[in-house]
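K.L.:
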Amino acid sequence: MKVAHTVKDLREQVAKWHRDGLTVGFVPTMGNLHDGHLALIDEARKHADRVLASIFVNPMQFGEGEDYDNYPRTLERDRQLLERHDASLLFAPGVGEMYPLPLSEQTRVEVPGLSDILCGASRPGHFAGVSTIVCKLFNMAQPDVALFGEKDYQQLLVIRQMVRDLAMPVEIISYPTVRESDGLAMSSRNAYLSEDQRRVAPKLFTMLEETKTALMQGKSNFAALEARAVEALAVAGFEVDYFSIRDAATLSIPVAGTRQLVILAAARLGSTRLIDNLAVNPG
Ligand code: PAF
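Letter 141 of the sequence shown, counting from 1, is numbered 142 in our numbering, and no numbers are missing.
1) Report the start-end ranges of each alpha helix (DSSP H) in the stretch 82-108 that is 4 residues or longer and not cut off at the edges.
2) Closer than 7 Å: is that where the CB of P103 sits relative to any heavy atom of ligand 1?
3) Where does R74 sit, in a helix, a strand or coil, going by DSSP?
4) Buried or exposed: which applies to P113, given that a residue is buried once 16 or more other Cβ atoms fall within 10 Å of its Cβ?
5) If you follow the alpha helix (DSSP H) that L115 is in, where does it begin and where does it stop?
6) Tell me whether the beta-carbon of L91 lies closer than 8 Å to the beta-carbon of M2.
7) Tell me I306's beta-bridge partners as DSSP assigns them.
8) Just how far apart, CA to CA, sit A5 and E67?
9) Would you say Q285 touches ligand 1, meaning its beta carbon is less than 7 Å from a heavy atom?
10) Tell me the DSSP secondary structure of L167 in three-state form.
11) Just to confirm, does D145 get its C-beta within under 7 Å of one of the non-hydrogen atoms of ligand 1?
12) Using a threshold of 8 Å, state whether the C-beta atoms of S132 and A267 are closer than that.
13) Looking at C-alpha atoms only, which residue of E211, L11, R109, L41 is the closest neighbour of I173?
14) Along the chain, where does the alpha helix (DSSP H) containing F139 start, and where does it finish?
15) For the beta strand (DSSP E) holding G150, just list the boundary residues, first then last.
16) Would you mind sorting G130 into buried or exposed? The rule is 16 or more other CB atoms within 10 Å of its CB.
17) Residues with a Cβ closer than 6 Å to any heavy atom of ligand 1, in chain order?
18) The beta strand (DSSP E) with D248 in it runs from where to where?
19) Decide if T212 is buried, meaning its Cβ has at least 16 other Cβ atoms within 10 Å, or exposed.
20) Contact check, E44 vs L148 under 8 Å by CB: the rounded distance?
21) Less than 7 Å between C-beta atoms, sequence neighbours within five positions excluded: which residues of the same chain meet that for E181?
22) How would you write the range of the alpha helix (DSSP H) that F27 sits in, first residue to last?
23) Can you find at least 3 beta carbon pairs, one from the stretch 79-96 and one from the stretch 50-63, that sit closer than 8 Å?
24) If I follow the unbroken beta strand (DSSP E) through S55, where does it start and stop?
25) For I254, count neighbouring C-beta atoms within 10 Å of its own C-beta (all shown protein chains included) and say buried if the count is 16 or more, exposed if not.
26) Quick check on the DSSP output: the beta strand (DSSP E) that includes K3 runs from which residue to which?
27) DSSP puts Y176 in a beta bridge; with which residues?
28) Using only the alpha-carbon positions, how far apart do R247 and V263 sit?
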C-alpha cells in the first residue's frame, strides 16, 4: 500500500488509475480505525478496482472545548490495518496541506437545515466542518464512489445532500453500523469510556431496540416513547442530548403516513458523547 501525504501525490496516483481505466472507492476517516472502518474498506473493494482511505483529524468539525487535541492518533497502527485489508493508497495529509489558510479564512460548504438540527443543534458548525472537508477530499481525490457508515446517519444525509446539490460526480454508498457483541456501536470515542461506563454504554442501543419494537407493534405516541427512553437512559447514568423518532429521509418530525422512520440518539456518559440510530419501517 502506498502512502501519500500531499495532494499532488494523491492526485498523481488517482489520475494514473483513471488513465488505466480503473475505478476508485474512497473511505474518508479520522483514523484510530476499528472494525466499522475496516468493513467500509472491505465493502469499497466490492464497488471499485482500487481502494483509497484517508486519515485526517479535521479541526474544522470540532467545537471549542471538544476533543480535537485528545482525539486518538494512531497512524502507524492504522497503516498496518489498511495494508492487511488490501487498501491501495492511504492519504494522510497534515493540517497545513488541507488548510493552507487559517480556518477563519477558509471557504466553507454548508448544507442548510439538515446541519442545524439534532447533533447540529448541540454542535454548532460541526456539519459545516464535515461537509467542507469531505468536499475538499472529493475534489482532491476525484473518487468514483465513497463509503460512509450509517452510524453517523445525520452526517450521511448531509453528505448525500451536498453531493446532490453541488452535482458532485461521486456515488455515495452507505454501510450498516458495526456493533460490539453487546450492541454498542463501534466508535473511536468508545476508547474514552471507563470500565463502568463501558458496561452501561450498550443501554443506548437497548433503548433504540425497545423503541423500535414498540413502533413495530403499532405504538404511535412518539413523544411518550421518546420520554420513556430518555428517562431510562438518565436512570442508567446518561446525560441525554436527544432521543428522537424522525422521518428517515429528511430527519423532520414524522407526520401521519410517514413510512420510513429512524430513531436517533445522542447521550453523554461522563465527558464521552455517544451517538447511535436504528431504522424502522413499521410498514
Ligand atoms: O466520520 C468521520 O470520521 C468524519 O466525520 C469524516 C467523514 C472523515 C470527515 O472528517
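Every residue gets a Cβ at the ideal spot worked out from N, C-alpha and C, and that includes glycine.
P.N.:
Quick look at the numbers:
1) 96-99
2) As a position in the sequence shown, residue 103 is number 102, starting the count at 1. Checking every heavy atom of ligand 1 against the Cβ of P103, none is found closer than 7 Å.
3) By one-based count along the sequence shown, residue 74 stands at place 73. The DSSP-derived three-state label of R74 is coil.
4) Taking the first residue of the sequence shown as 1, we reach residue 113 at position 112. Exposed.
5) Here residue 115 is taken as the residue at index 114 of the sequence shown, counted from 1. Run containing L115: none; DSSP gives neither H nor E here.
6) Taking the sequence shown and counting its residues from 1, one reaches residue 91 at position 90. Taking the sequence shown and counting its residues from 1, one reaches residue 2 at position 1. Closer than 8 Å, so yes.
7) This structure cannot settle anything about residue 306, because the visible part of the chain is limited to 2 through 284.
8) Taking the first residue of the sequence shown as position 1, residue 5 is located at position 4. Taking the first residue of the sequence shown as position 1, residue 67 is located at position 66. In this structure, the CA atom of A5 is about 28 Å from the CA atom of E67.
9) The chain is shown only over 2 to 284; residue 285 falls outside these bounds and no answer can be derived.
10) By one-based count along the sequence shown, residue 167 stands at place 166. Residue state, collapsed to three classes: coil.
11) Sequence index remark: in the sequence shown, residue 145 carries index 144 (1-based). The answer is no for D145.
12) In the sequence shown, the residue the question calls residue 132 occupies position 131. In the sequence shown, the residue the question calls residue 267 occupies position 266. Result no, Cβ atoms of S132 and A267 do not sit closer than 8 Å.
13) Here residue 173 corresponds to residue number 172 of the sequence shown, with the count starting at 1. For the set E211, L11, R109, L41, the Cα lying nearest the Cα of I173 is the one of L41.
14) Counted from its first residue, the sequence shown places residue 139 at position 138. F139: member of the alpha helix (DSSP H) spanning 127-142, first to last residue.
15) Translated into positions along the sequence shown, residue 150 becomes position 149. Here the beta strand (DSSP E) through G150 covers 146-150.
16) The sequence position of residue 130 within the sequence shown is 129, counting from 1. Buried, because 16 or more other Cβ atoms sit within 10 Å of the Cβ of G130.
17) P29, T30, M31, N59, Q62, V131, I134, V135, D153, Q156
18) Along the sequence shown, read from residue 1 onward, the residue named residue 248 stands at position 247. Unbroken beta strand (DSSP E) run through D248: 240-248.
19) Taking the sequence shown and counting its residues from 1, one reaches residue 212 at position 211. When all chains shown are included, T212 counts as buried.
20) Start at 1 with the first residue of the sequence shown, and residue 44 comes out as number 43. Start at 1 with the first residue of the sequence shown, and residue 148 comes out as number 147. That pair is a contact at about 6 Å.
21) Indexing the sequence shown from 1 puts residue 181 at position 180. These residues qualify, in order along the chain: M187.
22) For the purposes of this step, residue 27 is identified with residue 26 of the sequence shown, where counting begins at 1. Note, F27: premise wrong, no alpha helix (DSSP H); beta strand (DSSP E) at 25-30.
23) Yes, the stretch 79-96 is in contact with the stretch 50-63.
24) The residue you call residue 55 lines up with position 54 of the sequence shown. 51-56 is the extent of the beta strand (DSSP E) around S55.
25) Taking the first residue of the sequence shown as position 1, residue 254 is located at position 253. Per the 10 Å Cβ criterion, exposed.
26) Here residue 3 is taken as the residue at index 2 of the sequence shown, counted from 1. Unbroken beta strand (DSSP E) run through K3: 3-5.
27) Taking the sequence shown and counting its residues from 1, the one referred to as residue 176 is at position 175. Y176 is bridged to G150.
28) The residue given as residue 247 occupies position 246 in the sequence shown. The residue given as residue 263 occupies position 262 in the sequence shown. Near 5 Å, if we compare the C-alpha coordinates of V263 and R247.
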